[in-house]
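Q:
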Amino acid sequence: MGVSLEYILNCDAIEVKYGQGAKLGFGGHLLGEKVTDVIAYSRGIPKELIT
């Protein structure tokens with residue numbers, strides 16, 4: 009099926025994953041409770057974003 013242009017044009021943010029090594033637990037994920045207003049602003053997405 010894949011991702012269509014319409015799908016991309018109608019989303020609020022896009023995350024591109026280009027490489028991954030072996031990670032235990034949560035790895036490089038930033039837990040929601042650690043996202044500050046500054047981090048949310050620098051990402052350009054709402055602080056309470058659910059992915």
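Numbers given in our numbering equal positions in the sequence shown, counted from 1, plus 8.
From the three backbone atoms N, C-alpha and C, an ideal C-beta is built for every residue, glycine too.
All figures in this text were calculated on a predicted structure; none of them were measured in a lab.
Hey, how far is the Cα of Leu60 from the Cα of Tyr26?
A: Limits of the chain in this structure are 9 at one end and 59 at the other, which puts residue 60 out of reach.
Q: Sorted by chain position, which residues of the same chain lie with C-beta nearer than 8 Å to Lys53's C-beta, five sequence neighbours on each side aside?
A: The sequence given here has Ile at residue 53, not Lys. These residues qualify, in order along the chain: Asp20, Ala21.
Q: Quick one: residues in its chain with C-beta nearer than 8 Å to the C-beta of Val43, no 5 flanking neighbours on either side, listed in chain order?
A: Lys55.
Q: Since Asp45 is in the alpha helix (DSSP H), which residue starts that stretch and which ends it?
A: Looking at the DSSP string, the run of the alpha helix (DSSP H) that includes Asp45 is 45-51.
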